[in-house]
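A.B. asks: Below is one structure. I have some questions about it.
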Amino acid sequence: MTAISLRAFSWQGDDLFRRACLTSAGLISVLMFAILLSLCIGAWPALENFGIGFFFSSEWNPVTKEFGAANALYGTLVSSIIAVFLALPVGLGVAIFLSELCPVWLSRPLSIAIELLAAVPSIIYGMWGLFVFAPWFSEGFQVWAAEHLSELPLIGPLFSGPPMGVGLLTSGIILAFMILPILTSLIKEALSTVPKVLREATYGIGATQFEVIIKVLLPAIKGPIFGALILALGRALGETMAITFVIGGAQSIDSSLFMPATSISATIAEQFNEATGDMHISALIGLGLVLFMITFIVMGSARVLLRRKAK
Amino acid sequence: MNNLLKGALLGCTIAASASVYADTVINGAGATFPYPVYAKWAEQYNKETGVKLNYQAIGSGGGIKQIIAKTVDFGASDAPLSKDKLDKEGLVQFPAVMGSIVAVVNLPGVKAGELKLSGELLADIYLGKVKSWDDKAIAELNSGVKLPHTPIYTVHRSDGSGTTYNFTDYLARVSSDWKSKVGVDKEVAWPQEAHQLGGKGNAGVANFVKRTKGSIGYVEYAYAKTNDLAYTQMKNKDGKYVLPTMEAFQAAAANADWANAPGFKLILNDQPGAASWPMTAATFILMHKSQANEATAKEVLKFFEWSYANGDALASELEYVPMPDNVVKMVETMWHSDIKTAGGKAVY
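See below:
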């Protein structure tokens, strides 16, 4: 084979490769658009009937065919925010420990253990949450909280209500477990990108390990931490099976985090099979559309914020 | 639970082992509630005849959709279709087996069958009008029972279900308030005035009631029994308090007026008779009136004929209630007169 033909072949190969990549990338956009379109078509009867009120109404009544997304929206957002709020400090701590403080022999098994958390199917989290965690949580924390915290100003209402074990707070905690691996591994990854000389220089001017972590490492990975948070939030927003088990399945909005609620994914999972009538199905698809939009907005705004930071 | 689980497992085993016969397969899909008993029947039937039943428990709504789309040989639903809807889609329906719903409570010191409830009271509890266990309305019916001063937590199904349909239907029959404020469906807007909690499936409800002191829920009788939950006595239409027993369930079925129910659309709640249990429900099979494939349709009907004749013991073992003989006769007459081939010949 001569050099020229080889050259020509590889040029053709390059071109082919470029086209294949472009097609794949294009396919994703087409798919996304197709999903959005089919959701819109499916949800149209409900949107047309209830108008903008569909997004704000907390009425969910299959008997009278009145549907609104507010209950499910509230449950989805609150449980996901609780999850991120709880998982962030733990994830940060684990990541810093693993990359900065942990002896080498422990670091690998610990990392694997954290990553295995991600391999546990979500239904297992749900069943564990319902049968093991919820009873323990009810007697171990909720009874105490109802006695001691519910009288406090401002945060009191959050911790009042019957200690039933399941509810918004429980789902937030279970979700926190589920997003912990992704948070930890992303933050750990980010920490490993901080140049070694930066640390050494800081130690060189007499900083303690604590100061290095707080004043050098964390500021250096602010952007990636934020990105990791958003990815984790995206994971939490869409979680279905675990939430369905532990959120309590009640179409209501309550100031207490102990009360049962519902989420978008849980409502769809529980009602789609036995939905009666076209409006009910359309409203459920409408919920799917709402979830699609929130996830889109969350991910999109994260991109914008990250880009601004990078400048 | 054990029996139900066994039924489900056996169902899977048949699916795996029956391929050796590889001859006739009938396909059905629908309600999850009768799945264990259909699986049990299918297993026995397969042993005797070699015919295999492939039943997908995808929910009543799914069963109705699948039979209308003609992707299955029969559909199954817990909530019967109206005669109009049946005629519109060219379907017939018949009851296959019955189950019953019981109210279960978790009250320390109160044993199974001790507490007495009436339908109106049950509705008021779920409406949030009766909020505490020592409420006068409950105390009046239960003079000998020590009732604690604790709030009532009402547990319901969070997923759409035939059980909820039948339960809300019963409440609507006995309480005009329930009928106007909440209504009847597989999924309803549960009154916010009550401390309400939703569990997924019968198992979820049973689990919440078992765990939450002061709670009340409704489950299929089999779940109350296998979870050792404290079921209540119920006041029936004749004003008598009855315990949930096989005899009481059968009494409700026997006293029901099937002969005057067009398309067998009959919900067995609140039936007359001194011994009748008030919350009993049949689960239904749906088939097309006009059958393109005569042989398969015949196999489906043969299977249910066999089940009616030989399946009673298996059904009772799993806490289901077999259909009474007079109803079976009516069903079989209907098969003969209504299910035809494309050419108009009776299939059965």
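Chains as they are written, first to last, in the UniProt record's numbering: chain A, 1 to 311; chain B, 1 to 348.
Yeah, the Cβ is synthetic: ideal placement off N, Cα and C, and Gly gets one too.
If the criterion is Cβ atoms closer than 8 Å, does the pair M32(A) and T212(B) meet it?
C.D. replies: Cβ distance not < 8 Å, so M32(A) and T212(B) don't count as in contact.
A.B. asks: Any C-beta of chain B within less than 8 Å: which residues of the region 148-171 of chain A qualify?
C.D. replies: Residues passing the 8 Å Cβ filter: P162, M164, G165 and V166.
A.B. asks: Would DSSP call W44(A) helix, strand or coil?
C.D. replies: Of the three classes helix, strand and coil, the one that applies to W44(A) here is helix, per DSSP.
A.B. asks: Thinking C-alpha only, which one of G311(B), H156(B) and Y320(B) is nearest E48(B)?
C.D. replies: The shortest Cα separation from E48(B) among G311(B), H156(B) and Y320(B) belongs to G311(B).
A.B. asks: For the alpha helix (DSSP H) containing F141(A), list its first residue and its last residue.
C.D. replies: Neither: F141(A) is in no alpha helix (DSSP H) and is coded neither H nor E.
A.B. asks: Step through the CB atoms of chain A and report whether any lies within less than 8 Å of the CB of I101(B).
C.D. replies: Judged by the 8 Å Cβ criterion, I101(B) is not in contact with chain A.
A.B. asks: Under a three-way DSSP split, which group does W277(B) fall into?
C.D. replies: Note: W277(B) maps to coil in three-state DSSP.
A.B. asks: Using DSSP with H/G/I as helix, E/B as strand and the rest coil, what is N106(B)?
C.D. replies: Looking at N106(B) - three-state DSSP - the assignment turns out to be strand.
A.B. asks: What's the C-alpha gap between L91(B) and V84(A)?
C.D. replies: Spanning the two alpha carbons is a distance of roughly 51 Å.
A.B. asks: Among the residues of its own chain, which have a CB less than 7 Å from the CB of K210(B), if the five just before and after it don't count?
C.D. replies: Excluding sequence neighbours, K210(B) sits near N106, N227 and L229.
A.B. asks: Do you know how far the Cα of T244(A) is from the Cα of T283(B)?
C.D. replies: Approximately 26 Å, taken between the alpha carbons.
A.B. asks: So, is A295(B) buried or exposed, given that buried needs 16 or more other C-beta atoms within 10 angstroms?
C.D. replies: Looking at its Cβ environment, which holds fewer than 16 other Cβ atoms inside 10 Å, A295(B) is exposed.
A.B. asks: Once you ignore the five residues that flank S138(A) on each side, which residues in its own chain have a CB closer than 7 Å to its CB?
C.D. replies: So the qualifying residues of the chain are P163, M164 and G165.
A.B. asks: Please give me, in chain order, every unbroken run of the alpha helix (DSSP H) with length at least 4 that falls completely inside the region 238-298 of chain B.
C.D. replies: Those alpha helix (DSSP H) runs which fall completely within the region 238-298 of chain B and span 4+ residues are 246-255.
A.B. asks: Is the shortest distance between the beta-carbon of V63(A) and the beta-carbons of chain B less than 8 Å?
C.D. replies: Interface residue, yes.
A.B. asks: Can you name, in chain order, every residue of its own chain whose Cβ lies under 6 Å from the Cβ of Y21(B), other than the five neighbours on each side?
C.D. replies: Confidence in Y21(B) is poor, its pLDDT being 44 and thus under 50, which makes the residue's placement unreliable; the coordinate value appears in the next sentence. Same-chain partners within the cutoff: G50.
A.B. asks: Just to check my reading of the structure: G238(A) and L291(A) have Cβ atoms closer than 8 Å, yes? What is that Cβ distance to the nearest angstrom?
C.D. replies: Confirmed, Cβ separation roughly 7 Å.
A.B. asks: Does the beta carbon of K329(B) sit closer than 8 Å to a beta carbon anywhere in chain A?
C.D. replies: With 8 Å as the cut-off, K329(B) does not count as an interface residue toward chain A.
A.B. asks: Within its chain, find whatever has a CB closer than 8 Å to the CB of Y45(B); leave out the 5 residues flanking it on each side and keep chain order.
C.D. replies: Contacts found: V51, L53, F303, W306 and S307.
A.B. asks: Any beta carbon from chain B within less than 8 Å of M1(A)'s own beta carbon?
C.D. replies: For M1(A), the predicted structure reports a pLDDT of 48, less than 50, and the residue's modelled location is therefore unreliable. A value from the coordinates is still provided. Chain B, which has no Cβ nearer than 8 Å to the Cβ of M1(A), makes this no.
A.B. asks: So with Cβ pairs under 8 Å, would you call E270(A) a contact of chain B?
C.D. replies: Cβ-Cβ to chain B under 8 Å: yes for E270(A).
A.B. asks: If distances are taken between C-alpha atoms only, which option among T341(B), V328(B), Y348(B) and D73(B) comes closest to F94(B)?
C.D. replies: The shortest Cα separation from F94(B) among T341(B), V328(B), Y348(B) and D73(B) belongs to V328(B).
A.B. asks: Residues of chain A with a CB under 9 Å from the CB of A252(B): which are they?
C.D. replies: None at all; the shortest Cβ gap to chain A is about 24 Å.
A.B. asks: What does DSSP give as the partner residues of E66(A) in its beta bridges?
C.D. replies: Answer by DSSP bridge pairing, in chain order: N61(A).
A.B. asks: Under the assumption that L127(B) contacts P260(A) (Cβ atoms under 8 Å), give the Cβ distance between them as a whole number of angstroms.
C.D. replies: So it is not a contact: roughly 18 Å between Cβ atoms.
A.B. asks: Could you tell me the boundaries of the beta strand (DSSP E) in which Y320(B) lies?
C.D. replies: Premise fails: Y320(B) is in no beta strand (DSSP E) and is neither H nor E.
A.B. asks: Determine, for Q209(A), whether the minimum Cβ-Cβ distance to residues of chain B falls below 8 Å.
C.D. replies: No, because no Cβ of chain B sits closer than 8 Å to the Cβ of Q209(A).
A.B. asks: Considering only the alpha carbon of each residue, which of V155(B), D135(B), H156(B) and Y153(B) lies closest to K146(B)?
C.D. replies: Selected option, being the one with the closest Cα: D135(B).
A.B. asks: Residues in the same chain with beta-carbon distance under 6 Å from M293(A), minus the five sequence neighbours each way, listed in chain order, please.
C.D. replies: Closer than 6 Å at the Cβ level, and outside the excluded window around M293(A), lies no residue.
A.B. asks: Locate the alpha helix (DSSP H) running through K83(B), then write down its first and last residues.
C.D. replies: Its alpha helix (DSSP H) spans residues K83 to E89.
A.B. asks: Using a beta-carbon distance below 8 Å, is S60(B) in contact with chain A?
C.D. replies: Yes, S60(B) counts as interfacial toward chain A.
A.B. asks: Which residues of the region 251-276 of chain A have a Cβ closer than 7 Å to any Cβ of chain B? Give them in chain order.
C.D. replies: Going along the region 251-276 of chain A in chain order, one finds Q251, S252, P260, E270, Q271, N273, E274, A275 and T276 with a Cβ nearer than 7 Å to chain B.
A.B. asks: What are the residues of the region 128-144 of chain A that lie near chain B, defined by any Cβ-Cβ distance shorter than 9 Å?
C.D. replies: Listed in sequence order: L130, F131, A134, P135 and S138.
A.B. asks: I'd like to know whether the C-beta of V219(B) is nearer than 8 Å to at least one C-beta of chain A.
C.D. replies: Not closer than 8 Å to any Cβ of chain A, the Cβ of V219(B) fails to qualify, so no.
A.B. asks: Since M279(A) contacts N49(A) with CB under 8 Å, what's their CB separation in whole angstroms?
C.D. replies: Right, the Cβ-Cβ distance comes to about 7 Å (below 8 Å), so this counts as a contact.
A.B. asks: With a CB to CB cut of under 8 Å and the five nearest residues on each side skipped, what residues in its chain are close to G277(A)?
C.D. replies: Excluding positions up to five away in sequence, the list reads P62 and K65.
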